[in-house]
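Engineer: In terms of the working numbering, the sequence shown opens at residue 2 and continues consecutively.
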Amino acid sequence: MRVENVQTSGQNENGFLHLCTFTLELTSEVKLFGLRLIEAPDGNLVVQSALTMSGAKAYSLSPMVRQQIALLAYEAWKGAAMKKFSRLANL
2 MRVENVQTSG QNENGFLHLC TFTLELTSEV KLFGLRLIEA PDGNLVVQSA LTMSGAKAYS
62 LSPMVRQQIA LLAYEAWKGA AMKKFSRLAN L
């Protein structure tokens, strides 16, 4: 399982901070697109699945799997945020 294509955000929605959107590679044959890493007001990390065109969840993940994904995505987000900050600092 691996996180890729991390796009940092920083949008704040009613106290919930959208940290990034990312792709999750479960295996070399299976990828989940459009996952979002959210920081809740209490500091907990939440992974939201992508939505279908009708607004329904595209897939469901167990709480244990969501927590594992949140930790992987958080580490990937920190790396992406540092790269973005470094580029801005060099302007």
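Glycine included, each C-beta is placed from N, C-alpha and C at the ideal position.
Should Leu46 and Leu52 be called a contact, given that it needs their Cβ atoms to be closer than 8 Å?
Structural biologist: Residue numbering aside, residue 46 sits at position 45 when the sequence shown is read from its first letter. Residue numbering aside, residue 52 sits at position 51 when the sequence shown is read from its first letter. Cβ distance not < 8 Å, so Leu46 and Leu52 don't count as in contact.
Engineer: Does DSSP classify Leu72 as helix, strand or coil?
Structural biologist: Numbered from 1 along the sequence shown, position 71 holds the residue referred to as residue 72. Three-state DSSP puts Leu72 in a helix.
Engineer: For the 8 Å Cβ check, are there 3 or more pairs between the segment 77-84 and the segment 55-69?
Structural biologist: The segment 77-84 is not in contact with the segment 55-69.
Engineer: In angstroms, rounded to a whole number, what distance separates the CA positions of Ala41 and Gly35?
Structural biologist: For the purposes of this step, residue 41 is identified with residue 40 of the sequence shown, where counting begins at 1. For the purposes of this step, residue 35 is identified with residue 34 of the sequence shown, where counting begins at 1. C-alpha separation (whole angstroms): 19 Å.
Engineer: Where Ile70 and Ser87 are concerned, what is the direct C-alpha to C-alpha distance, given to the nearest angstrom?
Structural biologist: Within the sequence shown, residue 70 is the residue found at index 69, counting from 1. Within the sequence shown, residue 87 is the residue found at index 86, counting from 1. Distance between the alpha carbons of Ile70 and Ser87 is about 26 Å.
Engineer: For Ser29 and Met2, I'd like the C-alpha separation in whole angstroms.
Structural biologist: For the purposes of this step, residue 29 is taken as the residue at position 28 of the sequence shown. For the purposes of this step, residue 2 is taken as the residue at position 1 of the sequence shown. Distance between the alpha carbons of Ser29 and Met2: 9 Å.
Engineer: Could you give the first and the last residue of the continuous beta strand (DSSP E) run that contains Thr22?
Structural biologist: Reading the sequence shown from its first residue, position 21 is the one you call residue 22. Where Thr22 is concerned, the enclosing beta strand (DSSP E) stretches over 17-28.
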